[in-house]
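Q: As they're listed, the protein sequences go chains A and B.
Numbers given in the numbering used here equal positions in the first sequence, counted from 1, plus 90.
Numbers given in the numbering used here equal positions in the second sequence, counted from 1, plus 15.
After the C-alpha cells below, expect a handful of questions from me.
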Amino acid sequence: MLDVKPQRTANSIQRIHPGIKLTLAIVLIVSASLIPAPEIVRLIPACTLLVVFIILGRITIWSIVKRFLTLTPFIVLAGISLPFATPGTVVGTIPLLGWQWTLEGWHGFLILLARSSFSLLTLILLSLTTDFPALLEALRRIRIPKVLVNSLGLLYRYLFQLHDEGARMMRARNSRHLGRRLFHEPLILGRMVGTLWIRSYLRAERVAQAMEARGSLGGRMLSAKYRQVSPGEWVLLGFGVIFCAVLVFLPAGLVGL
Amino acid sequence: MSLLVVTDLCHTYPDGMEALHDVSFTLAEGERAALIGPNGAGKTTLQLRLAGLLWSEGNITVDGKTLTKGTIKMLRSRIGITFQNPDDQLFCPTILDDITYGLLQMGLSNDEAQDKCMVIMEKFDLRGYEKRSAFHLSIGERRRAALAAVLVMEPKLLLMDEPSAFLDPSGRRELGALLATLPQAMILATHDLEFARHLCPRTIVLHGRTIRADGETDALMSDEKLMEETGLEVPYSLR
Chain A
91 MLDVKPQRTA
101 NSIQRIHPGI
111 KLTLAIVLIV
121 SASLIPAPEI
131 VRLIPACTLL
141 VVFIILGRIT
151 IWSIVKRFLT
161 LTPFIVLAGI
171 SLPFATPGTV
181 VGTIPLLGWQ
191 WTLEGWHGFL
201 ILLARSSFSL
211 LTLILLSLTT
221 DFPALLEALR
231 RIRIPKVLVN
241 SLGLLYRYLF
251 QLHDEGARMM
261 RARNSRHLGR
271 RLFHEPLILG
281 RMVGTLWIRS
291 YLRAERVAQA
301 MEARGSLGGR
311 MLSAKYRQVS
321 PGEWVLLGFG
331 VIFCAVLVFL
341 PAGLVGL
Chain B
16 MSLLVVTDLC
26 HTYPDGMEAL
36 HDVSFTLAEG
46 ERAALIGPNG
56 AGKTTLQLRL
66 AGLLWSEGNI
76 TVDGKTLTKG
86 TIKMLRSRIG
96 ITFQNPDDQL
106 FCPTILDDIT
116 YGLLQMGLSN
126 DEAQDKCMVI
136 MEKFDLRGYE
146 KRSAFHLSIG
156 ERRRAALAAV
166 LVMEPKLLLM
176 DEPSAFLDPS
186 GRRELGALLA
196 TLPQAMILAT
206 HDLEFARHLC
216 PRTIVLHGRT
226 IRADGETDAL
236 MSDEKLMEET
246 GLEVPYSLR
C-alpha cells in the first residue's frame with residue numbers, strides 16, 4: 091500500500107493536468123453519493139467511464155485490486171451494522187445472539203458498498219495516475235485549507251520513514267527471536283508499537299524545529315510550478331461535469347431505467 | 016568584528032537536567048570552529064540555543080543583533096542549522112519544495128525562489144533531483160540536499176550537527192571539500208576529529224556542560240591530557 095507512486099510511463103491520462111483530474115474525481119464521487127438509492131444502477135455508466143480511464147491509463151488490474159482489497163474491509167466495517175439496525179422485513183436471524191437482519195437493511199448495505207467502492211476506485215485511479223506532490227498542489231489551488239495540504243505533504247513524506255522504522259524494529263526483534271510468533275507475544279508487540287509512537291513523536295519535534303529554523307510561518311510547503319490547464323482539458327472537465335449531471339438529474343425514464 | 020557573541024549561556028531542561036553552564040565565546044565572520052566533546056556534553060543543546068530553537072538564560076548576539084524572541088524572525092535567515100539526521104531536515108514532498116521552503120518563508124516569489132534553487136542545486140550536484148522525494152535519495156545526497164536547503168537562504172552563520180555522520184569515505188571527503196569552499200562562519204559539532212581538523216582551524220571543547228578549552232585545533236587535539244580528561248582521543252593524524 092505504501093507504493094503510492096504513479097506508474098512511470100507517461101500516458102494520456104497521466105499527462106492530464108492534476109487539477110482537472112482531482113476536480114473530475116470529486117465530481118464523480120459527489121455524483122455517486124447524489125444518485126437516488128432506488129436508481130443506483132446509474133453508477134454503471136460512471137463505472138464504464140472509469141474502465142475507459144483504466145485502459146487509457148494502462149493501469150494493471152492487479153495494482154488496483156491489491157489497493158481495493160486492502161481498503162474494502164473498512165467500508166464493510168462501516169456498513170456491517172446496517173442489515174441489523176434498519177427496520178423492515180426480517181429475512182434471517184443469527185443463532186444464539188438472536189440478531190435479526192432485514193431485507194431493507196441488506197439493500198442499504200449493498201447501496202453503501204456500491205457507492206463507497208465506486209468512490210474508492212475513483213481515488214485509486216487518481217493516485218495511480220497522478221504524482222502525489224502534483225496532487226497536493228492541485229489541492230492547494232482548489233483552496234483546500236493549507237493546514238490540511240501541509241499535513242498531507244508531511245504524511246506522504248514520513249509514511250515511508252515510519253514504515254522503514256517499523257521494519258528496522260522488526261529486524262532487530264527478529265535477530266533475537268527464538269521461534270515464537272510475534273502475535274504470541276502481545277506485550278512485546280505493544281511495546282514495539284509504543285516505541286514506534288515515541289520515535290515518531292520525537293521525529294515530529296525535530297521536523298518542527300527544522301521548519302522553525304527556516305522561518306516557518308505555517309505557510310505553504312509547495313513551490314513547484316505547474317503548467318496552465320489547456321483548452322482540451324477544460325473541455326474534458328466540462329464533459330465530465332455534464333456526464334455526471336445527466337447521471338444524477340436526468341429523469342429515470344430518459345436514461346432507460 | 017565578531018559575528019557571534021555568546022555570553023554566560025546556561026540551559027536547563029524542564030526535567031531539571033542542566034545541559035549548559037556559563038558558556039561564553041565569540042566567532043568572527045567566516046571563521047570555522049569545531050565543537051567537540053563527549054556524548055551529553057551539550058553540543059546539540061548549544062547549537063539549538065544558538066539557532067533560537069531553545070530559550071534560556073544568557074545572551075547571544077548575531078551580526079550585532081541580540082537574539083531574542085522578538086528578533087528571531089529577523090535573524091532566522093542569518094543563522095542556518097543542519098541536524099544530524101537529514102531526514103529530520105527534509106520534510107517536503109520533493110527536493111525542490113524543500114530547498115525553496117525557506118526562501119518562500121522569507122517572502123520571495125515562486126520564480127525568484129526557483130531561480131535561486133536551481134543555482135544551488137547545480138552547485139550541490141543535485142540537478143535532476145527537483146521532483147524526487149528525499150526517501151528516494153542516498154544518505155549522501157540527502158545530506159547535500161539538507162545543506163542546500165539551508166545555504167540557499169544565505170545565512171552568515173552555519174551550525175552543523177555531526178555533518179559527517181552516516182557518510183561513506185568518499186561522501187565524507189566530498190562534503191569536506193564542499194564545506195571548505197563556503198564563506199560562512201561555521202560551528203561544526205562532531206565526534207569526527209579528523210574531519211574537524213581538516214576543516215576547522217579553531218576548536219572548542221565542551222565538557223561537563225561548559226567550555227573546557229578553546230583554541231587552535233592542532234594544539235588542542237594533540238594535548239593528550241586534555242583529550243583524555245574530556246573523554247576524547249588524539250586523532251591518528253596527530254599521534
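Virtual Cβ for every residue (Gly too), placed ideally from N, Cα, C.
Is it right to say A:D93 is buried, meaning 16 or more other beta carbons lie within 10 angstroms of its own, or is it exposed?
A: With a pLDDT of 46 at A:D93, under the threshold of 50, the modelled position of this residue cannot be trusted; read the value that follows with caution. Flag for A:D93 reads exposed.
Q: Is the separation between the beta-carbon of B:M201 and that of B:M175 shorter than 8 Å?
A: Yes, the pair counts as a contact, with Cβ atoms nearer than the cut-off.
Q: Taking 8 Å as the CB-CB limit, is B:G117 close to chain A?
A: Judged by the 8 Å Cβ criterion, B:G117 is in contact with chain A.
Q: Looking at B:Q199: is its Cβ nearer than 8 Å to the Cβ of B:L173?
A: Contact: yes.
Q: Can you tell me whether B:N74 is buried or exposed? The criterion is at least 16 other CB atoms within 10 Å of its CB, across all chains shown.
A: So B:N74 counts as exposed.
Q: Within 8 Å (strictly less), CB to CB, does A:F158 reach chain B?
A: Not an interface residue.
Q: Considering Cα atoms alone, identify which of A:N101, A:I103, A:H107 is closest to A:E227.
A: Of the listed residues, the one whose Cα sits closest to A:E227 is A:H107.
Q: Would you call B:S179 buried or exposed, if buried means 16 or more other Cβ atoms sit within 10 Å of its Cβ?
A: It is buried - the Cβ of B:S179 has at least 16 other Cβ atoms within 10 Å.
Q: What is the rounded straight-line gap between the Cα of A:G195 and the Cα of A:G188?
A: About 16 Å.
Q: Would you say B:A164 and B:D113 are within 8 Å of each other, going by their C-beta atoms?
A: It is a contact, given that the beta carbons lie within the stated cut-off.
Q: Could you say which of B:L82, B:E231, B:T109 lies nearest to A:Y351 if we only look at CA atoms?
A: Nothing in the structure corresponds to residue 351 of chain A, since chain A is present only between 91 and 347.
Q: Can you list, in chain order, the stretches of the beta strand (DSSP E) that have 3 or more residues and sit fully within the region 146 to 196 of chain B?
A: Whole beta strand (DSSP E) segments, 3+ residues: 172 to 176.
Q: Counting only C-beta atoms, is A:D223 closer than 8 Å to chain B at any point?
A: At residue 223 of chain A the sequence reads Pro, which differs from the Asp that was named. So, interface residue.
Q: Name the chain B residues whose beta carbon is nearer than 7 Å to that of A:M301?
A: Ordered by position in chain B, the residues that pass the 7 Å Cβ test against A:M301 are F106.
Q: Specify the secondary structure class of A:I232 as computed by DSSP and reduced to three states.
A: A:I232: coil per DSSP, three-state reduction.
Q: At a CB distance below 7 Å, what residues from the region 225 to 259 of chain A approach chain B? Give them in sequence order.
A: Flagged, chain order: L226, G243, L244, Y246, R247, F250, Q251.
Q: 8 Å is my cut-off, CB to CB: does B:I51 come that close to chain D?
A: Reference to chain D is not applicable here, since the protein chains of this structure are A and B.
Q: Strictly by DSSP, which residues pair up with A:T183?
A: Answer is A:Q190.
Q: Evaluate A:F329 with the Cβ neighbour count: other Cβ atoms within 10 Å of its Cβ, from every protein chain shown; 16 or more gives buried, anything less gives exposed.
A: Its Cβ having fewer than 16 others within 10 Å, A:F329 is exposed.
Q: Between A:V283 and A:V166, what straight-line distance do the alpha-carbon atoms span, to the nearest angstrom?
A: Straight-line Cα distance between these residues: approximately 26 Å.
Q: If we ignore side chains and look at the alpha-carbon of each, how far apart do B:I94 and B:G79 end up?
A: C-alpha separation (whole angstroms): 13 Å.
Q: Let me check understanding here. Comparing Cα to Cα, which of A:H197, A:P185, A:L186, A:I125 lies closest to A:G178?
A: A:G178 has its Cα closest to that of A:H197, out of A:H197, A:P185, A:L186, A:I125.
Q: Can the beta-carbon of B:R47 be found closer than 8 Å to that of B:L166?
A: No.
Q: With burial defined as no fewer than 16 other Cβ atoms inside 10 Å of the residue's Cβ, what is the status of A:M91: buried or exposed?
A: Residue confidence is low: A:M91 scores 44 on pLDDT, short of 50, so the model does not pin down where it sits. No coordinate-derived value is stated.
Q: Along chain B, in chain order, which residues have C-beta atoms closer than 7 Å to that of A:S306?
A: In chain order: Q120.
Q: Taking 8 Å as the threshold (C-beta atoms), are B:A34 and B:G57 in contact?
A: Taking 8 Å as the Cβ cut-off, B:G57 and B:A34 qualify as a contacting pair.
Q: If you measure from the CB of B:K84, is any heavy atom of the ligand SAM nearer than 7 Å?
A: This structure lacks the ligand SAM, and indeed carries no ligand of any kind.
Q: Let me check one thing: in DSSP terms, what residues is B:S17 bridge-paired to?
A: Partner(s): B:A43.
Q: Check whether the region 241 to 249 of chain B touches the region 214 to 228 of chain B, taking contact to mean three or more Cβ pairs, one atom from each stretch, closer than 8 Å.
A: Contact holds: three or more Cβ-Cβ distances are below 8 Å.
Q: Quick one: which unbroken alpha helix (DSSP H) runs of 4-plus residues sit fully inside the region 103 to 139 of chain A? Chain order, please.
A: Correct list: 108 to 124.
Q: Along chain B, which residues have their Cβ under 7 Å away from the Cβ of A:V166?
A: Neighbours of A:V166 on chain B: none; closest Cβ ~32 Å, over 7 Å.
Q: Name, in chain order, the residues that DSSP records as bridge partners for B:I219.
A: According to DSSP, which records beta bridges pairwise, B:I219 is partnered with B:L50, B:D229.
Q: Give the DSSP-derived three-state secondary structure of A:L340 in the structure shown.
A: If DSSP states are grouped into helix, strand and coil, A:L340 belongs with coil.
Q: Candidates B:G45, B:L221, B:K138: which alpha carbon is nearest B:I51's?
A: Here the closest residue by C-alpha is B:L221.
Q: Could you compute how far the alpha carbon of B:C107 sits from the alpha carbon of A:L225?
A: For B:C107 and A:L225, the distance between alpha carbons rounds to 14 Å.
Q: Is DSSP giving B:D23 helix, strand or coil here?
A: The answer is strand: DSSP assigns B:D23 an E or B state.
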